[in-house]
Amino acid sequence: MGKYVVVKKEDCTSCGSCISVAPDIFDLDYDMLAEVIYEGDSNRGITSIADDLIDELEEAMDSCPSECIFLAAVPFA
Ligand code: SF4
Numbered sequence: 001m002g003k004y005v006v007v008k009k010e011d012c013t014s015c016g017s018c019i020s021v022a023p024d025i026f027d028l029d030y031d032m033l034a035e036v037i038y039e040g041d042s043n044r045g046i047t048s049i050a051d052d053l054i055d056e057l058e059e060a061m062d063s064c065p066s067e068c069i070f071l072a073a074v075p076f077a
């Protein structure tokens, strides 16, 4: 089963926590809002995150003060 992730940018406070914890998955965009950059996903939530990054992903979600990182078992689009 896949793990697909997106950031709901309108709720992101640019704290940088997810990027510190999971830099292979998240980065800030030009507006300083977090987005999913994993394998060029561009925050579309269509790229399944590799198994060896799932611990980082879950830690990043737990660290997000805005709870604006969303995970699904199927692609978002
Ligand atoms: S942890 Fe949450 S609020 Fe902080 S930059 Fe990442 S998505 Fe935005």
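Sequential numbering from 1 applies to the sequence shown in full-length UniProt numbering. Every residue, glycine too, gets a C-beta built ideally from N, C-alpha and C. Predicted model, so just to flag it, every value in this text is computed and none were measured.
To which residues of the same chain is residue i closer than 8 angstroms at the C-beta, ignoring the five residues directly before and after it?
{"i": "residue 96", "result": "A query on residue 96 cannot be resolved here, the shown segment of the chain reaching from 1 to 77 and no further."}
{"i": "S42", "result": "E35 and V36"}
{"i": "Y4", "result": "G45, I46, T47, S48, I49, L71, A72, A73, V74, P75 and F76"}
{"i": "E56", "result": "V21, A22, D24 and I25"}
Which term fits residue i, buried or exposed, when burial requires 16 or more other beta carbons within 10 angstroms of its beta carbon?
{"i": "A22", "result": "buried"}
Roughly how many angstroms separate the alpha carbons of residue i and residue j, rounded to a whole number?
{"i": "E67", "j": "M61", "result": "7 angstroms"}
{"i": "D51", "j": "G2", "result": "9 angstroms"}
{"i": "C64", "j": "L53", "result": "17 angstroms"}
{"i": "M32", "j": "K8", "result": "13 angstroms"}
{"i": "E59", "j": "I69", "result": "11 angstroms"}
Near residue i, which residues of its chain fall below 6 angstroms by C-beta distance, leaving aside the five closest residues on each side in sequence?
{"i": "E39", "result": "T47"}
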